[in-house]
(Lines of atoms letter the chains of each structure in order from A and count residues from 1; the text may use other names and numbers.)
(Lines give C-alpha, C1' and ligand atoms only; values in the text may rest on other atoms or scores of the structure.)
Protein backbone atom coordinates (compact mmCIF):
# COMPACT_ATOMS: atom_id res chain seq x y z
CA UNK A 1 0.00 0.00 0.00
CA UNK A 2 1.06 3.57 -0.49
CA UNK A 3 3.08 5.22 2.23
CA UNK A 4 0.49 8.02 2.29
CA UNK A 5 -1.77 5.89 4.51
CA UNK A 6 -1.39 7.17 8.04
CA UNK A 7 0.22 4.76 10.46
CA UNK A 8 -2.95 4.53 12.55
CA UNK A 9 -4.69 2.88 9.59
CA UNK A 10 -2.55 -0.23 9.91
CA UNK A 11 -3.80 -2.87 12.29
CA UNK A 12 -1.50 -4.40 14.85
CA UNK A 13 -2.09 -8.11 15.27
CA UNK A 14 -3.29 -7.74 18.87
CA UNK A 15 -6.22 -5.57 17.77
CA UNK A 16 -7.73 -8.60 16.09
CA UNK A 17 -7.69 -10.61 19.32
CA UNK A 18 -7.75 -8.31 22.39
CA UNK A 19 -11.12 -7.18 23.73
CA UNK A 20 -11.70 -3.43 23.90
CA UNK A 21 -14.24 -1.05 25.36
CA UNK A 22 -15.00 0.09 21.79
CA UNK A 23 -16.82 -2.66 19.88
CA UNK A 24 -15.34 -3.73 16.58
CA UNK A 25 -16.78 -4.44 13.17
CA UNK A 26 -14.76 -6.83 11.02
CA UNK A 27 -14.90 -6.48 7.26
CA UNK A 28 -13.22 -8.83 4.78
CA UNK A 29 -12.62 -7.59 1.23
CA UNK A 30 -12.41 -10.44 -1.29
CA UNK A 31 -12.52 -10.59 -5.07
CA UNK A 32 -10.69 -11.44 -8.25
CA UNK A 33 -7.04 -10.55 -8.70
CA UNK A 34 -6.54 -6.95 -9.87
CA UNK A 35 -10.21 -6.11 -9.28
CA UNK A 36 -9.46 -2.93 -7.32
CA UNK A 37 -9.91 -4.23 -3.76
CA UNK A 38 -6.84 -2.45 -2.40
CA UNK A 39 -7.67 0.75 -4.27
CA UNK A 40 -11.18 0.71 -2.79
CA UNK A 41 -9.87 0.25 0.77
CA UNK A 42 -7.21 2.92 0.24
CA UNK A 43 -9.82 5.36 -1.09
CA UNK A 44 -12.07 4.75 1.93
CA UNK A 45 -9.23 5.20 4.44
CA UNK A 46 -7.47 8.20 2.87
CA UNK A 47 -9.89 9.77 0.39
CA UNK A 48 -7.30 9.48 -2.39
CA UNK A 49 -7.05 7.15 -5.37
CA UNK A 50 -4.26 4.57 -5.51
CA UNK A 51 -3.37 3.31 -8.98
CA UNK A 52 -1.22 0.36 -7.95
CA UNK A 53 -2.96 -2.76 -6.65
CA UNK A 54 -1.35 -4.48 -3.67
CA UNK A 55 -1.16 -8.24 -4.38
CA UNK A 56 -0.50 -8.98 -0.70
CA UNK A 57 -3.60 -7.27 0.67
CA UNK A 58 -3.35 -5.98 4.22
CA UNK A 59 -5.02 -5.24 7.53
CA UNK A 60 -6.29 -1.79 8.36
CA UNK A 61 -8.37 -0.01 10.97
CA UNK A 62 -10.49 3.09 11.19
CA UNK A 63 -12.59 4.41 14.03
CA UNK A 64 -16.11 5.14 12.80
CA UNK A 65 -19.35 6.48 14.28
CA UNK A 66 -22.73 4.81 13.72
CA UNK A 67 -25.75 6.28 15.52
CA UNK A 68 -23.43 8.23 17.87
CA UNK A 69 -21.65 5.00 18.89
CA UNK A 70 -17.91 4.57 18.24
CA UNK A 71 -16.74 1.39 16.55
CA UNK A 72 -13.34 0.18 15.42
CA UNK A 73 -13.67 -0.96 11.81
CA UNK A 74 -11.13 -3.72 11.14
CA UNK A 75 -10.62 -4.25 7.42
CA UNK A 76 -8.88 -7.27 5.89
CA UNK A 77 -7.95 -6.80 2.26
CA UNK A 78 -7.20 -10.35 1.14
CA UNK A 79 -4.67 -10.95 -1.62
CA UNK A 80 -4.33 -14.06 -3.71
CA UNK A 81 -6.86 -16.22 -5.57
CA UNK A 82 -10.52 -15.93 -4.43
CA UNK A 83 -10.67 -19.55 -3.23
CA UNK A 84 -7.79 -18.88 -0.81
CA UNK A 85 -9.27 -15.51 0.24
CA UNK A 86 -12.54 -17.01 1.43
CA UNK A 87 -10.77 -19.59 3.59
CA UNK A 88 -8.57 -16.92 5.17
CA UNK A 89 -11.42 -14.46 5.76
CA UNK A 90 -13.72 -17.02 7.41
CA UNK A 91 -11.02 -18.23 9.82
CA UNK A 92 -11.73 -16.29 13.06
CA UNK A 93 -8.20 -16.86 14.39
CA UNK A 94 -6.51 -15.05 11.50
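Residue numbers (my numbering): 995 to 1088. Every residue gets a Cβ at the ideal spot worked out from N, C-alpha and C, and that includes glycine.
Check                                                                                                                              : Outcome
Tell me the residue span of the beta strand (DSSP E) that contains residue 1065.                                                   : 1063-1072
How far does the beta strand (DSSP E) with residue 1021 in it reach, from first residue to last?                                   : 1018-1023
Please look up how many angstroms separate the CB atoms of residue 1051 and residue 1073, rounded, as I've assumed it's under 8 Å. : 4 Å
According to DSSP, what are the bridge partners of residue 1045?                                                                   : According to DSSP, which records beta bridges pairwise, residue 1045 is partnered with nothing at all.
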